[in-house]
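Asker: Just passing along the structure, written as structure tokens.
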Ligand SMILES: Nc1ncnc2c1ncn2[C@@H]1O[C@H](COP(=O)(O)OP(=O)(O)OP(=O)(O)O)[C@@H](O)[C@H]1O
Ligand SMILES: [Mg+2]
């Protein structure tokens, strides 16, 4: 195995222009191959999602990018520098919320954040602003050990953001958040993206990835199984659209005969027609008695994710050995232009 190489910051190089580039990175823990030749780039200003089942290697990959772990093999560049060995000039440019955050538990929330801020030479105004951003102002004088799980998680996020870093790593930041706190965090993150920050975001909430991320990589068993915009992944998967009818509109057998219907079933109180040509099915239904009470449900990132990650009957996964989609970084604004 080769050692992790130092990456030259070459502005003329495609990878050198990216916020992060990872080439052929592998990592083994004993007999467990946690990462197996992962390559990807994250563009500056991009909101990049890392998805995958428990144990897929997401945290390992993020920790290698953050300089908390050393890859066994491959190349890693972060903001034009190598994260390993740890680079004192790089660290203040990164914001890191790890999956298992450490706290000064005897301090109050405000004192904890002020201590973190002081490490970066950041002033009091930033502490107050960040407490407000994560809605912890009311808990500012509560000891960290007395905060609820979700409030601690918000403090961990605040600790990653207080010094206004260029590149932010969040590893399952919404895992313990209530629905309102989750939406509030989305707004904080959208504002950071608007301000040009780059965000690497690990989550199991696929609605969140779909709502926030410019592109996502789906990791399975330490490999990149797919990488594209959520929209691109859903489109490429060619997943079916469901057309939902009131159950008394027709029988399942009649629905099965409608032109363009792949499958018809009764489910959740509706007659569900699966199709890949929803326009044609809607026209046929319109001609058969109108579209009153007819609803459609298009495929989501969750459908694509489950298809890629669910074990097959023989215990293997339906995962392609090579990435399905291009891995070239794109300026997010240009992502959907042709
Ligand atoms: N420090 C470690 N020592 C030994 N094995 C480890 C260590 N850290 C992770 N692993 C193993 O490496 C694999 C990848 O773990 P990792 O934490 O990167 O997964 P993950 O995708 O972040 O999962 P999750 O969604 O549960 O957070 C797992 O099989 C895990 O058991
Ligand atoms: Mg993890």
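Residue numbers (our numbering): 150 to 487. Virtual Cβ for every residue (Gly too), placed ideally from N, Cα, C. Remember, predicted model here, so these are calculated numbers, not experimental data.
#1: DSSP three-state call for residue 315: helix, strand or coil?
#2: Compare the beta carbon distance of residue 227 and residue 261 with 7 Å and say whether it is the shorter of the two.
#3: Enumerated in chain order, which unbroken segments of the beta strand (DSSP E) with a length of 3 residues or greater are wholly contained in the stretch 346-431?
#4: With DSSP run on the structure shown, which of helix, strand or coil describes residue 468?
#5: What do you reckon, is the C-beta of residue 207 under 6 Å from a heavy atom of ligand 2?
#6: Given 6 Å as the limit, tell me if residue 178 has its C-beta closer than that to any heavy atom belonging to ligand 1.
#7: How would you label residue 327, buried or exposed, when you count the other beta carbons within 10 angstroms and need 16 or more for buried?
#8: If you reduce the DSSP assignment to three classes, tell me which class residue 202 lands in.
#9: Hey, how far is the Cα of residue 166 from the Cα of residue 224?
#10: Taking all protein chains shown into account, do 16 or more other C-beta atoms lie within 10 angstroms of the C-beta of residue 290, making it buried, or fewer, making it exposed?
#11: Is residue 271 helix, strand or coil by DSSP?
#12: Restricting to Cα atoms, I'd like to know which of 351, 386, 405 is closest to residue 212.
#13: Quick one, which of 177, 303, 391 has its alpha-carbon nearest residue 416's?
#14: Quick one, which of 400, 438, 435, 441 has its alpha-carbon nearest residue 421's?
#15: Taking the runs of the alpha helix (DSSP H) that are 4 residues or longer, which of them lie wholly in the stretch 237-297?
#16: Between residue 447 and the rest of its own chain, which residues show a CB-CB distance below 7 Å, the 5 nearest in sequence each way excluded?
#17: Are there 16 or more other CB atoms within 10 angstroms of the CB of residue 259, so buried, or fewer, so exposed?
#18: Using a threshold of 6 Å, is the CB atom of residue 248 nearer than that to any non-hydrogen atom of ligand 2?
#19: With a CB to CB cut of under 6 Å and the five nearest residues on each side skipped, what residues in its chain are close to residue 492?
#20: What is the DSSP secondary structure of residue 299, counted as helix, strand or coil?
#21: With residue 451 as the anchor, note down where its alpha helix (DSSP H) starts and where it stops.
#22: With C-beta atoms as the reference, is residue 248 less than 7 Å away from residue 371?
#23: Quick check: what's the CA-CA separation for residue 442 versus residue 414?
#24: Would you decide whether residue 395 is buried or exposed? Buried here means 16 or more other CB atoms lie within 10 Å of its CB.
Answerer: With the given structure in hand:
#1: Translated into positions along the chain shown, residue 315 becomes position 166. Residue state, collapsed to three classes: coil.
#2: On the chain shown, position 78 is the one that residue 227 refers to. On the chain shown, position 112 is the one that residue 261 refers to. Not in contact: residue 227 and residue 261 (Cβ atoms no closer than 7 Å).
#3: 347-351, 364-369, 372-377, 390-394, 410-416, 419-424
#4: The sequence position of residue 468 within the chain shown is 319, counting from 1. Residue confidence for residue 468 is low, a pLDDT of 48 falling below 50, so the modelled location carries little weight; the figure read from the coordinates is stated next. Residue 468 falls in the coil class under three-state DSSP.
#5: Here residue 207 is taken as the residue at index 58 of the chain shown, counted from 1. Within the cutoff, so yes.
#6: The sequence position of residue 178 within the chain shown is 29, counting from 1. Yes, the beta carbon of residue 178 sits closer than 6 Å to at least one heavy atom of ligand 1.
#7: Counting from 1 along the chain shown, the entry for residue 327 is found at position 178. With fewer than 16 other Cβ atoms within 10 Å, it is exposed.
#8: The sequence position of residue 202 within the chain shown is 53, counting from 1. Residue 202: coil per DSSP, three-state reduction.
#9: Along the chain shown, read from residue 1 onward, the residue named residue 166 stands at position 17. Along the chain shown, read from residue 1 onward, the residue named residue 224 stands at position 75. Cα-Cα distance, rounded: 15 Å.
#10: For the purposes of this step, residue 290 is taken as the residue at position 141 of the chain shown. So residue 290 ends up on the exposed side.
#11: Here the question's residue 271 lines up with position 122 in the chain shown. Residue state, collapsed to three classes: coil.
#12: Within the chain shown, numbered from 1, the residue matching residue 212 stands at position 63. Cα-wise, what sits closest to residue 212 is 351.
#13: Here residue 416 refers to the residue found at position 267 of the chain shown. Among 177, 303, 391, the Cα nearest to that of residue 416 belongs to 391.
#14: Taking the chain shown and counting its residues from 1, the one referred to as residue 421 is at position 272. The candidate whose alpha carbon is nearest that of residue 421 is 400.
#15: 258-268, 273-282
#16: Walking along the chain shown from the start, residue 447 turns up at place 298. Excluding sequence neighbours, residue 447 sits near 390.
#17: Stepping through the chain shown from its first residue, residue 259 is reached at position 110. Its Cβ being crowded by 16 or more others within 10 Å, residue 259 is buried.
#18: Here residue 248 refers to the residue found at position 99 of the chain shown. Yes, the Cβ of residue 248 comes within 6 Å of a heavy atom of ligand 2.
#19: Residue 492 falls outside the range modelled here, since the chain spans only 150 to 487, and no answer is possible.
#20: Taking the chain shown and counting its residues from 1, the one referred to as residue 299 is at position 150. Correct three-state label for residue 299: helix.
#21: Taking the chain shown and counting its residues from 1, the one referred to as residue 451 is at position 302. Its alpha helix (DSSP H) spans residues 450-458.
#22: What you label residue 248 is simply residue 99 of the chain shown in a count that begins at 1. What you label residue 371 is simply residue 222 of the chain shown in a count that begins at 1. Contact flag unset, no.
#23: On the chain shown, residue 442 is found 293 positions in, with the first residue counted as 1. On the chain shown, residue 414 is found 265 positions in, with the first residue counted as 1. Rounded to whole angstroms, residue 442 to residue 414 spans 17 Å at the Cα level.
#24: Looking up residue 395 in the chain shown gives position 246. Exposed, since its Cβ has fewer than 16 Cβ neighbours within 10 Å.
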